[in-house]
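Chains as they are written, first to last, in numbering that gives the first Met the number 0: chain F, 0 to 309; chain S, 0 to 309; chain E, 0 to 309; chain L, 0 to 309; chain R, 0 to 309; chain B, 0 to 309. Every residue gets a Cβ at the ideal spot worked out from N, C-alpha and C, and that includes glycine. All of these numbers come straight from a predicted model, not from anything done at the bench.
There are 6 protein chains.
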Amino acid sequence: MSAEPIVYLTGNFVPASQAGLKIYDAGIVLGATATEFTRTFAGELFRLDDHLRRLFRSLKYLRLDIGMDLARLREITRELAAHNLPLLPPGAELGIIHFVTPGEFRVYAGSAGAGGSSGPTVCIHSMPLPLHLWKETFVQGAHLVIASNRHVPPQCMDPKMKYRSRLHYYLADLEARQVDPKASALLLDLDGNLTETGGANFLLVRNGAVCSPTTRNILPGISREVVIELCAELGIPFQERDLQPYDAINADEAFLATTPYCLAPVTRINTMPVGDGLPGPIFRRLLAAWSHKVGVDIGQQVLGATVASA
Amino acid sequence: MSAEPIVYLTGNFVPASQAGLKIYDAGIVLGATATEFTRTFAGELFRLDDHLRRLFRSLKYLRLDIGMDLARLREITRELAAHNLPLLPPGAELGIIHFVTPGEFRVYAGSAGAGGSSGPTVCIHSMPLPLHLWKETFVQGAHLVIASNRHVPPQCMDPKMKYRSRLHYYLADLEARQVDPKASALLLDLDGNLTETGGANFLLVRNGAVCSPTTRNILPGISREVVIELCAELGIPFQERDLQPYDAINADEAFLATTPYCLAPVTRINTMPVGDGLPGPIFRRLLAAWSHKVGVDIGQQVLGATVASA
Amino acid sequence: MSAEPIVYLTGNFVPASQAGLKIYDAGIVLGATATEFTRTFAGELFRLDDHLRRLFRSLKYLRLDIGMDLARLREITRELAAHNLPLLPPGAELGIIHFVTPGEFRVYAGSAGAGGSSGPTVCIHSMPLPLHLWKETFVQGAHLVIASNRHVPPQCMDPKMKYRSRLHYYLADLEARQVDPKASALLLDLDGNLTETGGANFLLVRNGAVCSPTTRNILPGISREVVIELCAELGIPFQERDLQPYDAINADEAFLATTPYCLAPVTRINTMPVGDGLPGPIFRRLLAAWSHKVGVDIGQQVLGATVASA
Amino acid sequence: MSAEPIVYLTGNFVPASQAGLKIYDAGIVLGATATEFTRTFAGELFRLDDHLRRLFRSLKYLRLDIGMDLARLREITRELAAHNLPLLPPGAELGIIHFVTPGEFRVYAGSAGAGGSSGPTVCIHSMPLPLHLWKETFVQGAHLVIASNRHVPPQCMDPKMKYRSRLHYYLADLEARQVDPKASALLLDLDGNLTETGGANFLLVRNGAVCSPTTRNILPGISREVVIELCAELGIPFQERDLQPYDAINADEAFLATTPYCLAPVTRINTMPVGDGLPGPIFRRLLAAWSHKVGVDIGQQVLGATVASA
Amino acid sequence: MSAEPIVYLTGNFVPASQAGLKIYDAGIVLGATATEFTRTFAGELFRLDDHLRRLFRSLKYLRLDIGMDLARLREITRELAAHNLPLLPPGAELGIIHFVTPGEFRVYAGSAGAGGSSGPTVCIHSMPLPLHLWKETFVQGAHLVIASNRHVPPQCMDPKMKYRSRLHYYLADLEARQVDPKASALLLDLDGNLTETGGANFLLVRNGAVCSPTTRNILPGISREVVIELCAELGIPFQERDLQPYDAINADEAFLATTPYCLAPVTRINTMPVGDGLPGPIFRRLLAAWSHKVGVDIGQQVLGATVASA
Amino acid sequence: MSAEPIVYLTGNFVPASQAGLKIYDAGIVLGATATEFTRTFAGELFRLDDHLRRLFRSLKYLRLDIGMDLARLREITRELAAHNLPLLPPGAELGIIHFVTPGEFRVYAGSAGAGGSSGPTVCIHSMPLPLHLWKETFVQGAHLVIASNRHVPPQCMDPKMKYRSRLHYYLADLEARQVDPKASALLLDLDGNLTETGGANFLLVRNGAVCSPTTRNILPGISREVVIELCAELGIPFQERDLQPYDAINADEAFLATTPYCLAPVTRINTMPVGDGLPGPIFRRLLAAWSHKVGVDIGQQVLGATVASA
C-alpha cells in the first residue's frame, strides 16, 4: 500500500486517487445509499460498533446483503483506519465514511433486469476531520432558520436510516440561507413539528431539561445518544416529545449534536437570539463532560483547528 | 476524439471510460441531482427541447446556475450525440442522460463552507437504448403492485422536478417484488391516491377515456405529453384527476408512458388481470399513432431488440 | 315455490322466513360485505346491469370469486323478481338487495384456517319498497347535520365499493339526531370536504349548476349517474369538485340522490334553511324528467305510499 | 335446556342450532356491532369483568342501552358458561363471544324510521376454543406483512371500541397473503405508524424493553393489559410510543397478544426474520409467567390441541 | 351631518372621529369578524352587490342576523358613500369597509352569558383609497415569499368567508420580510399547495392560460371574478387547480388580484424573478381590459396617486 | 386619577370610559393580538409573573417589541390594580386583561407601508370578575359538545400563544349550542384528538390519574399548571397524551381549568353524563387544595357571587 490514503471499494483497498463511483451506480442514479460517519478522538475510533449496528439496521431495511457481518466490517474499517491515521497532519482527527448502494443500475449501464444490479457497492473512505469548518460556529453559535420545505415522512423514507436521498435538506438549506447566509435549515415534519437539520440533531433546553423531537422524525444520532447518557450522568432530565417552532423560539438554550463536531450551541433561530444569544450553561456542561469522557478538549480542538489539518 | 463514446463533464468532453463522479460530489453525498433522459427515434433526438426546458425548470427550482443557457446546452448535447450515434450497433437507438448536481460537498471533500460547493457538476452521457430489457414487458405486459411505502409529497421534493433522491422508489420496488417478482411498484401519495412508478407515468382507461393522476403528485412526463397530444388527435378524452387503487384494479386498460420504451401495457395489478389481461385497444391505437408520428414501429423495435444492441 | 317471497342464498332459493345468516358468517363477524340495492319502476327493474357491474367491481376489489358471471347473476335476480313481484300489494314497487360476504369465519365457527372460509355467501332478497318512510321527507324536505365523526378514507375502505362496514355512518347519524331529531348526517372527509350521507349522494346547486363531491370520497351512485344524464339532457351544468360546509350552507338548493326514493330535496342543513327552505326549481326539473323517463310520477308515488304497501 | 350449547339472544336462551341473525339486522346491514371475546383457563372465565367493562364503554360510545347493567350481563354470561362448559371435549377451553347491534334496520325490514330500530340485538354465544388453529403459529411463529391498506383512524371509528366494521382488516389481510400465504397483515395508521393486526395487539422488544403502539390507534387489549402487568412483575420496562416499520423490522423480538392464544411469537415480518427468527427470551418469560398465573401451560395446551377439541 | 366623513355603527351614522369599538367587543376579543372591502372607480361603487352578497354568505355561516336585508344594507352604504365621496380630494377614490361582529363579549364586559352578546356590531366606514401605497408595486412588481407558516384550513375557518382572525397571515408576513423586506407572504395550505397572500388572490400564467388555486383554500375574490370574466372575453383560458411552489417559481407570469389596486404584477418569488422579471403580456392585457371596463386607466391612477390623496 | 377604573393604553393611563381601540388597529383588522387574563384571590394578583412571562413568549413569537421589560410591565400592572381594586364592590375579585397588537394597520388608516404600523398597541384593563356567570356551572357542572369544526393547528397559529384570532372557537361554540344550549365546544385537532374549549383547558380522570391533551394542541394554561402542582402535592398521577372522544365519553371525571373560575366540573359531554354525572372526588380534592393554597373557598366564592359584584 502507498503513503496515499486508501479507500475500500467492494472487496478491495484502492488508493484514494483511484476511487470513484461509476455514473451508472444506483447510489448516483437513485440516491439509494445507506451511510455512516464515524470519527476519532485522539486517534481512537469513537463508538464504531454503534455506527456499524445502525448501518446493518439500514441494510436490513433496504434488504441489502453485503456478504459480510459486523465483525468483518469492523475489521476492514480498523485496517483502513490503521493505514490512513498515520497520514494525518499532527493533531488532526480522522473521519470515516461508510456507504452502501445496491450497485450498478442496469438500465443505465446497458445490462439486463429492471432496477436490478450486480451486487451492492460497499465503500469506506476517510478524510482529515475538517474541524476548522466549524470554528465560527463554536465562536458565534450556529444559526438556524425554519424552512417551508418539509422533512420527508417515515412512510416514504424512514429517517432512522441514515440515507443519502437528501434533496429535501438541500432545498430547505437554500431557503435558510435566503434569510440568514450563515444559517442551516431546521426542518419541520408534515404536521409542523420540529425534526432535525440536514447534518445534526436538534435539542433544546427548557426549565433545565433537555428536550428532543421524537425518533419518529429524526435520525437517532450516536451523538444524541451520548447526550442522553451524559444527561443521565449529570442529573439533567432528558425528554423526547413533539416540539413546535414556538418551543424553539422560546427555548432557554438550543444546540446541535452530530458526529463531526459533537455539540454546537445554536444562538439564533429565524434571526432571533436563543435565550440571551450565548452558549448556555447546560450546553457547556455537556460539552465539558463529553470532553472528559474522550480525553480531548473538544471546544479547544475545534478552535485550534487549521486549514492545514484538512 | 476517440472511437469510444464521449461524456460531457462540467466543461469537457472525456472518453466514457474516464468519466466518474468524485465520491465527494453532492450528487452522491446528498442525492441532490436534477436529471433528464432523452432518446432517439431512427437516430433523431426526440423532443430534446422539451427535456431541456424541464431541466432548466428543475435548475431554477434548485437555484443552480450552470453558466449556460438552453441553446448552448442543446448544442453540446447535439455534439455529443453526433459523436456517439455512429458508434451504435446497426438499428440501435441512443439514450442520452443529462444530470446536474450542486458539485463538490465541501465537508466530505475537506474544503470550506457548510453544504457549499465549487460549482455545479454538469454531466451528459449516452448509451445504446437497452430495448431488449422491455421485450418481455411488451409481450406479457407490465406487472404493477401497489406498495405500502408512499411517494414523497411535493412539499418535501416536488415530483415535477426529475430528481435522483429516489430511495422511496427503491423501497417500494422491494415490496412489489415480494408479491410478484416481475412487478414494479405503483406508489400512492400520502392520501392514498395513485401516483406513478419509479420509472414511468401510469395511465388508465375507463369508459373510453384515458385518465391520469394529477401533476400534483407526478412527473409531467414528456411521453405523457405525447399521449395527451395523441389523444387529442385521435378523439380520445383525456382526464386528469385523483385516482385510487379501486380505479386501477377496475380499469378497462392501463399502461405506462416513459421515454425509453414510450408505452407499455399494464396487464396485472396486485397480481390480478387488468381488464381481460391483454393489451387493450386504446393502448394499441396510441402506440400505432406514436409509431406513425416518429416513423418507427415502436413495438417491433422493442420485440426485435437484441442484447447485442446493448 | 311458495306464495311467500323467496330469497337466494348461496346456490338455493329458500322461503324468506327460512333465510338467515349464521352468526359465524364473516358478514357478521367482520362486516365484510359488498352489497347493492336495486328497485323497480312500475314493476320493471331499473338499471339492474349498472348495479351488477358495480357489484362485480366490488368483488374484484375484495378478490371474491362467486363462481358465476354477471349474466348468470342477472338471470337469478330476474327469477327472484319474477317470483316476488306478484306478491306485492297493488301499486307497490320491489326493492332487491344483493350482498356477498367471504363466507364462514373459521375461528368463530371452530373449523380450520386464519380468517379463511368455505366460500362466499351470496344472498339476494327483496322487499316491498317502503316508500311511505320518505313521505315526510318529500313534503318537508330532508334535514342534514354535518357531524364531527368523519367518513372513512379510501385508503382504508374505498367508498366506491358499496360495503357494509358502516359504523362510522351510524356514529355520525347519532350526532346528527342530537342536533335535529329528523336529520341524517352529512359526513366530511378527513380534510373537511363534504362527502355523502349514510344512504344517499349529496348534491347542491349553485349559480344554476349542480355540484357534487368527487368520486374520491363517495359512492358513485347509480341515481347520481341518472342525475348526470338528466343534467346533460336538460342543459344543466354538472360539476364535480371538493366542496366544504360553507358551500352546503350557502347553496341555492341541495338534494339527495339514492335508489329507494330517487331524489329528495334537502331543506335544512345544520338547522338552517337551504336557500328559501323549499324544494328548488332544479330539483323539481330533475324529478320531473326522471319521472318522465321511467313513466312513473315519483313524487306522487311517494306521497301516495301507504304502510300497507310495506 | 338441551345437551346442545345454548346461545343468549336478546332476552332468551336458545339452542345454538336455532340461533341466527335476521338479514335485516343492523349488525349485518351496517356492520354496526360492538363485541367481546372472553376465554376460560382450565374452565375458569378469565377477566370477564374487564371484557364486560370494555363492552359497556363501547355501548356508551354507541349510545346503546341494552336494558341491563354489568352485573346482570355477568350473571347471564356465567349461566351460559355453566351450561356449555360441560359439553366441551375433555381438555378443551371455552371461548365466549358477546355482541350487540342496534337491532333491526327498518328500511330493509320494511317498518318505520330512518336508520332506527326496535331495540338492540344482544347475543352471547360460545364455542370450543379452536387452539389447534394456532399450533403452527406456536411452532413456527406468526408471520406478518405490512399492508398498504391502512387502519381506520379514531375520528372515523375508534379502535378502542371492539367493533365489527372490519373490512379494512379483511383488505389488508388479502394483501398480506399475496406476499406470504401464512401471514396476517400488520396495519399502519394514516401517518405510517404501526397499529395492530386484525385479531391481535402487536408488541416488540428493543433493548430489553417491550414497546407498544399507543392506544390512539389500537384496541387496548385485555391480553395486552396482562402483558403490562407481567412486565411490571418481571421488571421488564414497558413503553407506549409511535413505532414505524423500521422498528418492527429491526426489533430484537416481536409478539402478538390476544385472547384466544394469549401470546404468540412473531418470527417473520415482510418475509424477513425478526431477530434470529426464533421465539425470543422475553416472549418466553412472559408466556411462562402467564401460564403460572392461570395454572395452565399455555404453550403445551396449544401444541396439544386436536381438531377433535373443536 | 358634518363635513367630516361619517361612519355607520350598529344603527347610527356618527362622525368618523367618534367611531370606536369597545374593547369588550367580540371583534376585538375573539377576532370574530366578517368583513368586506369595496371601492369606487371614478366615484362609482364597483360591484357593491357582489360584495354584499358575499357578506351575507359569511353572516349565514356565522349565524349572525343583523336585522336587515341586502337591500337595506345597500341603501345605507350608498347613503354613507354619498356623504363621504364629496369630502375626497380631487381624483381620489373611496374605499368602503363593512364589518360585522357578534357584538359585546359578555365575560369581559361584565354582563351575563357564556360567549353571548347583546346583538351584532355592524360597522361601515370609508377612507380615501391610498393608491400611493402601491405605486412602487406597480413600477417594480410585487415580491412574494413562500412562508413556512401555513394557511388555516377550511375545517377550522373557511377562507371563502372574508374574516379577520388573520394572525396566520401576520406570522407569514413576518417570515416573508426576513427574506425580502419588500415581500408579502404567499401561504401554502397544509398539503403544500399555493393559496393566497394576506390581502390578495394569487394567479399565475402558464402556457398562455391563467391558473388559480381552487376555492377550497382561498377567498373567491371579487377581483378574481373580474379576471375570470375578462379571460372569457379575451379568449384566455382560465384554470382552477392545485398548484405548488414549483409552479409559482416556473410560471411565465404571476399577478395579484384584489379590490384596492385591482391587479399587480408579481415580479419576484422567493427572490427569484418570475419569467423575465417584468410585468407580463397577459397581465397587461387584463389590466387594460379592466381599465376599459370601468373607464379609468387603473395603472395611471396608481402611478399618479399622491399622499395628498390619502 | 379618578374614582373611575383606569385603563393603560400604550403609554398612558386613561379613564375606562375613554378607552377605545381605533377601528384601524391591527387587533381589529387582523385579530393580531396576544393577550393574558390574570385574577386576584382576596385582592392579591395570582401568578402575575407566570402570565407576563407567557405574554413575553407570545411577543417574541410575534416579533413585537413593546419597549419595556417584564419588570416594567409588572410595575404598571400593579399600579393599575392598586387603583382599580378599591373600586370593587366588597368581596369582589379583580380580573386584569393584557393585550398587545402590532398597532395601526396602515392600509386602512390611510398612511404608508404594507401591513406595517406605527408601533404596538399595549392595553391593560380590568373588571370585577363576573363570578356569578359560572354559578350554574358550579352547581350543575359544565356541559361540553364535541364540534365538527376543528382547532387551528400549530403550524398556522400556535395555541401555546394566547391569541385572539379565535373565529374557530366561535364557530365551534355555535355548533355546540345547537346540541345543548348550555354547552361549550370541546374542539378536536385535525387528527381527531381532544384539545381544549374556547376558554379553558380540558382535563379528564381515568383510573385515578388526571389526563391532559399534549401542549402541541393547547394553551399551557396557568391554571392547568396549578393542577399539575396540586396533583404532585396530592399524589395524583398526571399524564399528558393524545386523547380521543372515546376517552372523554368514558372518563371517570372531567373538568375545566381556567383563570376566571379556576376549576369547574364537566358533567355532560355530547349530552351524556360523565361518570355518574356529578362532580367527582378528584375534582373536589383539587378544588379544596387550591382553595387552601390561596386562602379563598373558591366554590363558595362562585356560589355566593351576585350580579352586583359585576
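Item	Value
Validate contact between the region 145–161 of chain L and the region 200–210 of chain L using beta carbons, cut 8 Å, 3 pairs	no
Selection of the region 43–74 of chain F by Cβ proximity to chain L, strictly under 7 Å	R56, K59, Y60
CB contact below 8 Å: I145/F versus chain R	yes
Where the alpha helix (DSSP H) through Q177/L begins and ends	166–178
Inter-residue CB distance, L229/F and A141/F (contact presumed, cutoff 8 Å)	Between A141/F and L229/F the Cβ distance is about 19 Å, and since that is not below 8 Å, they are no contact.
Sub-8 Å separation of G94/B and F36/B beta-carbons	yes
Beta-carbon separation (whole angstroms), H97/E vs L54/E, contact threshold 8 Å	6 Å
Range of the contiguous beta strand (DSSP E) that encloses I320/F	Nothing can be reported for residue 320/F: it is not among the residues displayed for chain F, which extend from 0 to 309.
R223/B vs N200/B beta-carbon contact at 8 Å	yes
Pair within 8 Å by beta-carbon distance, A182/B and V138/B	no
Cβ pair T257/E, G234/E closer than 8 Å	no
Runs of alpha helix (DSSP H) lying entirely within the region 236–296 of chain R, each at least 4 residues, in chain order	244–248, 280–293
Residues near S57/F by beta carbon distance below 6 Å, same chain, minus five either side	A33, M160
L189/S versus H150/S: straight-line alpha-carbon distance, rounded	7 Å
Cross-chain neighbours of V106/E in chain B, by beta carbon under 7 Å	Under the 7 Å cutoff, chain B gives no residues; its nearest Cβ is about 26 Å from V106/E.
Buried or exposed (CB count within 10 angstroms, at least 16 for buried), E74/L	exposed
DSSP three-state assignment for Y7/S, whether helix, strand or coil	strand
N- and C-terminal bounds of the beta strand (DSSP E) containing I75/L	Where I75/L is concerned, there is no enclosing beta strand (DSSP E), although the alpha helix (DSSP H) it sits in stretches over 69–83.
Under 8 Å between C-beta atoms of T270/B and Q300/E	no
Closer than 8 Å to chain L by CB, C230/E	no
Residue of L242/L, L203/L, S16/L minimising C-alpha distance to V226/L	L203/L
Below-8 Å beta-carbon distance, N249/S vs any chain E residue	yes
Burial state of M126/R, where buried means 16 or more other Cβ atoms lie within 10 Å	buried
Where the beta strand (DSSP E) containing V204/E begins and where it ends	200–205
Contacting positions in the region 14–30 of chain B - beta carbon closer than 8 Å to chain R	A18, G19, L20, K21, I22, A25, G26, I27, V28, L29, G30
Collapsed DSSP secondary structure at R149/S in the structure displayed	coil
Burial state of R77/L, where buried means 16 or more other Cβ atoms lie within 10 Å	exposed
Inter-stretch contact (C-beta, 8 Å, three-pair minimum) for the region 284–294 of chain E and the region 38–47 of chain E	yes
Rounded straight-line distance, which links the Cα of G197/E to that of G303/E	25 Å
Selection of the region 200–213 of chain F by Cβ proximity to chain S, strictly under 7 Å	none
R52/S, DSSP secondary structure in three states	helix
Beta carbon proximity, Y260/F to chain S, threshold 8 Å	no
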